[in-house]
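First the structure, in the form of structure tokens, and then the observations on it.
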Ligand code: HEC
Ligand code: HEC
Ligand code: HEC
């Protein structure tokens, strides 16, 4: 009897506390609308400011995420995949009805800095405002000037498919309280000016951590363990703290990869291809700065690429006793003509993160869909093998390469993975 009373009281109490929390959260979540303005004339923005904004927009991949049809740039509709559902990007052209034409500079600044819409509603962090918050006021103003001068397109945003209650925008206030480290960027006085420039670009506009840092159950980046690798759109964005490749990433490797899209460790394909294309407009000094920042993260002491290539190739050329295996024969027939004796500087399978990593996602994507799509960093092509090789063939080749080119064991359940990635790479779960 007393138990029932107690539990009733407890329930009432908890409900009360819950209600207070919800009210407090809603109060904190409330942000005023910022009054609409008449769309500013494109000629009201200084051409230098617009040009600066264009470079920043390119480095921030705004067009990639905000475009679905090339002729309707920035009109939105691209679906960002989260573990909970799709969040569709919005129209950021200056169309007054469906875009941001009636947003003042202050409203745009608040969206970039705090993830709040002009009407006061919270934005979802599928929009990487947790990085853009680091930008300086001047850089945000340049982005605003550029976007206000692109052609206006009519397009109404698609609602997200997040389930209740995750779709409640007001609740994002709680997320921000826990996870948003509001900018602008604070330089680290103990580091060089070049390092700080790199950190500013990486943490801000280039948002490298949005793909390369693991996320917690709330979808926020694990701040204490940056660049440990994450699955994004069915690709692995490799760990950058400990690259899976056995070769060290030197500063020069970073510069070469970010500028040209290829080193002996691999080629930037998929989402990273887009990133490399977006960074192309940045001056060399900025790419050097990003490299200076990242090179400190590659922690374990390892041989440089040249030494690692020599070592790996010597091992793989030794009689492995596997030459008569199915995987070996398939490799020689389908792959060897291109992958044996590759040109200096091009990706070498024996050093490829795709081959060394514990899970075969990127290896399978390269084999199934080939390399050299519009999205990939420019360079020679590899044909897709989707219709030529079945899952068991691809698995045999993959495991043959693992045994001869790396010191890793066979991929677990690789045939299952081949089938899953073939069916729909976007839906492949993250197995760690
Ligand atoms: C990873 C994909 C992605 C990238 C990169 C990205 N955005 Fe977005 N953006 C989104 C999504 C998704 C939304 C919608 C979020 C929502 O509905 O809560 C959005 C919303 C916005 C909004 C709010 C507009 C509105 O009408 O509510 C602005 C402004 C914006 N983005 C500007 C930018 C700019 C500027 C850049 C480049 C510096 C950029 N975005 C890069 C995905 C992206
Ligand atoms: C949109 C998601 C995304 C963003 C943003 C992104 N990356 Fe990547 N990155 C990837 C993916 C996916 C791969 C694997 C690509 C592949 O191998 O085809 C990758 C690969 C890499 C590699 C190769 C590592 C290896 O072991 O082979 C480096 C280096 C790298 N990224 C650095 C960066 C830097 C620096 C930034 C920021 C300037 C950045 N990335 C931003 C998704 C991203
Ligand atoms: C017509 C030539 C050609 C053939 C045939 C070919 N490839 Fe490739 N492959 C390439 C090129 C080019 C790249 C991109 C590397 C570069 O640009 O240096 C590549 C990249 C790859 C990568 C990604 C490497 C990385 O780290 O970025 C993998 C994995 C791969 N190939 C595996 C295979 C396998 C397995 C086969 C046989 C089933 C095969 N390739 C057949 C030309 C080829």
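In the numbering used here, the protein residues as written are 5 to 436. Idealized CB from N, CA, C, for every residue including glycine. Just so it is clear, the structure is predicted and the values come from calculations on it, not from any experiment.
Can you give me the C-alpha to C-alpha distance between residue i and residue j, rounded to a whole angstrom?
i           : j           : result
residue 72  : residue 357 : 30 Å
residue 422 : residue 98  : 44 Å
residue 110 : residue 38  : 8 Å
residue 135 : residue 158 : 28 Å
residue 215 : residue 182 : 20 Å
residue 210 : residue 64  : 5 Å
residue 83  : residue 252 : 35 Å
residue 77  : residue 67  : 6 Å
residue 156 : residue 105 : 8 Å
residue 295 : residue 221 : 30 Å
residue 219 : residue 225 : 4 Å
residue 333 : residue 396 : 13 Å
residue 291 : residue 196 : 15 Å
Does ligand 1 have a heavy atom nearer than 6 Å to the CB of residue i?
i           : result
residue 147 : yes
residue 65  : yes
residue 84  : yes
residue 93  : yes
residue 128 : yes
residue 77  : no
residue 115 : yes
residue 168 : no
residue 96  : yes
residue 131 : yes
residue 121 : yes
For ligand 5, is there a heavy atom less than 6 Å away from the beta-carbon of residue i?
i           : result
residue 279 : Only ligand 1, ligand 2 and ligand 3 can be found as ligands here, which leaves ligand 5 out of the picture.
Taking all protein chains shown into account, do 16 or more other C-beta atoms lie within 10 angstroms of the C-beta of residue i, making it buried, or fewer, making it exposed?
i           : result
residue 384 : exposed
residue 228 : exposed
residue 391 : exposed
residue 137 : buried
residue 140 : exposed
residue 371 : buried
residue 126 : buried
residue 34  : exposed
residue 75  : exposed
residue 151 : buried
residue 369 : buried
residue 271 : buried
residue 10  : With a pLDDT of 44 at residue 10, under the threshold of 50, the modelled position of that residue is not reliable, and the figure given next carries that caveat. Classification for residue 10: exposed.
residue 176 : buried
residue 187 : buried
residue 430 : exposed
residue 194 : exposed
residue 237 : exposed
With respect to 6 Å, is the separation between the Cβ of residue i and the closest non-hydrogen atom of ligand 3 below this value?
i           : result
residue 212 : no
residue 383 : yes
residue 401 : yes
Cβ of residue i versus every heavy atom of ligand 2: is any distance shorter than 6 Å?
i           : result
residue 69  : no
residue 386 : no
residue 200 : no
residue 273 : yes
residue 242 : yes
Practice prompt. Assess, as a yes-or-no matter, whether the stretch 157-173 is touched by the stretch 72-91 under the definition of 3 or more beta carbon pairs within less than 8 Å.
Written response: yes
Worksheet entry | Cβ pair count under 8 Å reaching 3, the stretch 374-388 against the stretch 271-280 | yes
Discussion item. Quick test of the definition: if touching needs 3 or more C-beta pairs under 8 Å, does the stretch 253-263 touch the stretch 221-237?
Written reply: no
Fill in: Segment contact flag, the stretch 399-415 with the stretch 328-347, C-beta cutoff 8 Å, min 3 pairs
yes
Worksheet item: Do three or more CB pairs link the stretch 282-295 to the stretch 233-248 at distances below 8 Å?
Response: no
Discussion item. Could you check whether the stretch 47-54 touches the stretch 142-158, counting it as contact only if at least three pairs of C-beta atoms, one from each stretch, sit closer than 8 Å?
Written reply: yes
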